[in-house]
Amino acid sequence: MTIKERQEREAHDRENPWRPMVTAKADGLICDLLFDDMAGHFATEALQYFLDVDGRWYQIEPPRRIYEQPMNWRPSYVRMRPERRRIVKQRSSAR
Numbered sequence: 223m224t225i226k227e228r229q230e231r232e233a234h235d236r237e238n239p240w241r242p243m244v245t246a247k248a249d250g251l252i253c254d255l256l257f258d259d260m261a262g263h264f265a266t267e268a269l270q271y272f273l274d275v276d277g278r279w280y281q282i283e284p285p286r287r288i289y290e291q292p293m294n295w296r297p298s299y300v301r302m303r304p305e306r307r308r309i310v311k312q313r314s315s316a317r
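Just so we're aligned, residue 223 is where the sequence shown starts under our numbering, counting upward by one.
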């Protein structure tokens, strides 16, 4: 990662901070998720998720249900239509 890329990433993190999981709402908002493992915290780059009304997180592309418990989330300020969410859920259950 170059210095410029790091500075852009830090600016993005300041403008769009990670939020606690209790504030997430199942309204179709596309989000980034932050996970935690034994090595530390990690964000899944270029993967996007949404919280469904059933209280479960789903990865959009490739479609799959998330079984790991994320520790923080951050919105991308774009919402998915209910039809698109239903398609992602159907494809994730077909796997």
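Each residue gets a CB set at the ideal place from its N, CA and C atoms; glycine is no exception.
| Item | Value |
| --- | --- |
| Proximity to residue 254 [Cα-Cα], best of 313, 293, 312 | 293 |
| Alpha-carbon to alpha-carbon, residue 226 and residue 248 | 35 Å |
| Beta-carbon proximity list for residue 242, same chain, < 7 Å, skipping 5 on both sides | 294 |
| Exposed unless 16 or more other CB atoms sit within 10 angstroms - verdict on residue 300 | exposed |
| Nearest residue (CA-CA) to residue 240, options 314, 276, 257, 230 | 257 |
| Spatial distance of residue 287 from residue 229 (CA atoms) | 33 Å |
| Beta-carbon separation (whole angstroms), residue 304 vs residue 250, contact threshold 8 Å | 7 Å |
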